[in-house]
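Numbering (my numbering), first residue to last: 2 to 433. The beta carbon of each residue, even a glycine, is placed where N, CA and C say it ideally should be. Bear in mind the structure is a predicted one, so any value in this text is a computation, not a measurement. Structure first, commentary second.
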Ligand code: HEM
């Protein structure tokens with residue numbers, strides 16, 4: 002599909018075959034970024050992993066830094082203890098509210114921010130369940146919401162200097178707050194002289210060896226938080242919503258966890274070996290990909306064709322992962338039904354890594370999400386911990402069929418009505 006909004010030409014690809022052509026066969030010509038006007042503040046787009054073109058050596062350097070310092074299994078393994086501790090804190094949070102309705106997504110979002118901040122720089126950024134320390138959380142929520150608002154400058158670039166929608170001003174103010182926040186984190190670490198063995202230590206080592214300038218460190222942290230926190234938390238909320246709507250699937254997932262862990266705590270290292278839990282998460286991402294159109298790609302060369310049509314250089318290319326995940330040919334029978342069992346079929350070797358073009362919630366090819374290893378660890382850990390520690394029911398008067406699965410597309414695809422549910426502590430031996 003080709004759209005023209007104002008002066009901006011956009012092509013939307015909505016089938017597995019079209020995604021394969023763009024992200025695999027022609028990856029080199031379509032893996033640049035179409036950069037929205039509000040990313041063009043404080044010089045961020047020129048140092049940001051999310052917005053630099055893939056031809057940029059700096060983009061390659063930042064991707065290598067992220068994948069070698071943060072997302073290798075050795076690195077992630079080293080921070081397992083932190084995540085299990087943070088998961089216990091989430092359990093305590095819900096336990097203190099046992100029997101009462103909680104807004105699931107809010108608590109999970111706070112927990113995910115602390116998961117990430119502890120893996121990156123060994124500090125909590127949110128004081129869970131209290132109003133203190135909410136600035137960082139609000140800043141993320143605000144920045145994510147801001148990126149989704151329409152901007153006249155994107156449709157009529159010649160008006161961009163006027164910033165008529167005031168989007169650039171808002172984005173600059175948020176970005177400045179991120180930079181100040183991470184500058185303070187970096188200063189605290191440098192002044193303390195302590196080593197925590199986390200991502201920040203490794204980034205500062207590169208900095209000391211002149212391999213990474215300080216502005217790049219705070220820009221990288223900013224990108225990782227903005228790209229990784231809402232997406233991860235929303236996936237957990239969607240998973241819980243689907244399971245509360247489908248009690249028999251919830252029972253199956255809990256039975257698998259009981260068999261694996263008995264009355265003991267969930268162990269992160271075992272989660273990859275729980276096929277039903279993994280299938281539940283894949284099925285959730287198939288139906289509710291947090292980035293339904295990925296991030297905007299751009300045709301970076303003359304003479305590119307997609308589906309036989311010529312796509313001029315500079316055209317925005319959107320890949321509709323949402324439609325692809327519901328493709329009637331790829332996902333029959335019942336493409337709209339929540340059925341984790343479809344991923345247990347051994348003929349269907351479908352994983353997160355972008356090798357199967359009918360399932361690309363993280364994108365595919367050189368621009369695919371670099372945070373997959375962290376997301377694929379944190380989402381199952383949080384879901385498993387929540388399911389294994391509590392019976393989950395709906396607030397009084399609500400039946401499973403009342404769970405509202407309508408979505409709303411802001412910067413991420415989220416539930417139109419936030420999920421409320423009741424955690425009831427399991428009255429067996431203490432799990433932790
Ligand atoms: C369930 C969770 C997540 C989902 C569904 C998700 C999905 C995506 C998608 C669809 C893209 C764009 C791919 C493209 O344009 O082709 C992306 C890019 C990105 N993601 Fe994720 N992501 C998740 C979690 C994370 C986490 C945990 C991090 C880091 C801590 C992260 C960091 C990034 C970054 C930095 C980019 C931009 C990469 C680039 O442009 O080179 N994401 N993600």
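(request) Answer yes or no: do residue 248 and residue 401 have a C-beta to C-beta separation smaller than 8 Å? (result) yes
(request) Return yes when the C-beta of residue 326 is under 7 Å from any heavy atom of ligand 1, and no when it is not. (result) no
(message) Shorter than 7 Å, the distance from the beta carbon of residue 396 to the closest heavy atom of ligand 1, or not?
(response) no
(request) Could you give the DSSP three-state label for residue 320: helix, strand or coil? (result) Residue 320 carries a strand assignment under DSSP once its states are collapsed to helix, strand and coil.
(request) Work out the CA separation of residue 128 and residue 431 for me, nearest whole Å. (result) Per-residue confidence for residue 431 stands at a pLDDT of 49, beneath the threshold of 50, marking its modelled position as unreliable; the derived number appears in the next sentence. If I take the Cα positions, the gap works out to 24 Å.
(message) Comparing C-alpha positions only, which one of 49, 352 and 419 sits nearest to residue 439?
(response) No answer is possible for residue 439: it lies beyond the span of the chain, which begins at 2 and ends at 433.
(request) Kindly examine ligand 1 and report whether one of its heavy atoms sits closer than 7 Å to the Cβ of residue 298. (result) yes
(request) Answer with buried or exposed for residue 352, where buried requires no fewer than 16 other C-beta atoms within 10 angstroms of its C-beta. (result) exposed
(request) Keeping to the same chain, check which residues put their C-beta closer than 6 Å to that of residue 327; ignore five residues upstream and five downstream. (result) 336
(request) Could you pull out every residue in the same chain whose Cβ sits closer than 7 Å to the Cβ of residue 220, ignoring the five residues on either side in sequence? (result) 45, 48 and 49
(request) Note the first and the last residue of the continuous alpha helix (DSSP H) segment covering residue 384. (result) 373–390
(request) Using alpha carbons as the reference points, say which of 303, 367, 319 and 272 lies closest to residue 383. (result) 272
(request) Using 10 angstroms around the beta-carbon of residue 25, count the other beta-carbons present and answer buried if the total reaches 16, otherwise exposed. (result) exposed
(request) Would you check if the distance between the CB atom of residue 281 and the CB atom of residue 322 is smaller than 8 Å? (result) no
(request) With residue 184 as the anchor, note down where its alpha helix (DSSP H) starts and where it stops. (result) 168–193
(message) Helix, strand or coil, according to DSSP, for residue 259 in the structure here?
(response) helix
(request) Spatial neighbours of residue 118 within its chain, please: CB distance less than 6 Å, with the 5 preceding and 5 following residues excluded, ordered by chain position. (result) 124 and 126
(message) Considering only the alpha carbon of each residue, which of 270, 153 and 223 lies closest to residue 67?
(response) 223
(request) Give a single yes or no on whether residue 381 has its beta carbon closer than 7 Å to a heavy atom of ligand 1. (result) no
(message) Less than 7 Å separating the Cβ of residue 360 from some heavy atom of ligand 1?
(response) No, Cβ of residue 360 sits at least 7 Å from all heavy atoms of ligand 1.
(message) Strictly by DSSP, which residues pair up with residue 408?
(response) 416
(message) Please report the straight-line C-alpha distance between residue 230 and residue 110, rounded to a whole angstrom.
(response) 7 Å
(request) Keeping to the same chain, check which residues put their C-beta closer than 8 Å to that of residue 102; ignore five residues upstream and five downstream. (result) 396, 421, 422 and 423
(message) With H, G and I counted as helix, E and B as strand and the rest as coil, what does DSSP make of residue 67?
(response) helix
(request) State the DSSP-derived secondary structure class of residue 431, mapped to helix, strand or coil. (result) Unreliable placement is indicated for residue 431, whose pLDDT of 49 sits below 50; the coordinate value is still reported in the next sentence. It is coil, neither helix nor strand.
(message) Among the candidates 11, 39, 216 and 30, whose CA atom is the shortest distance from the CA of residue 55?
(response) 30
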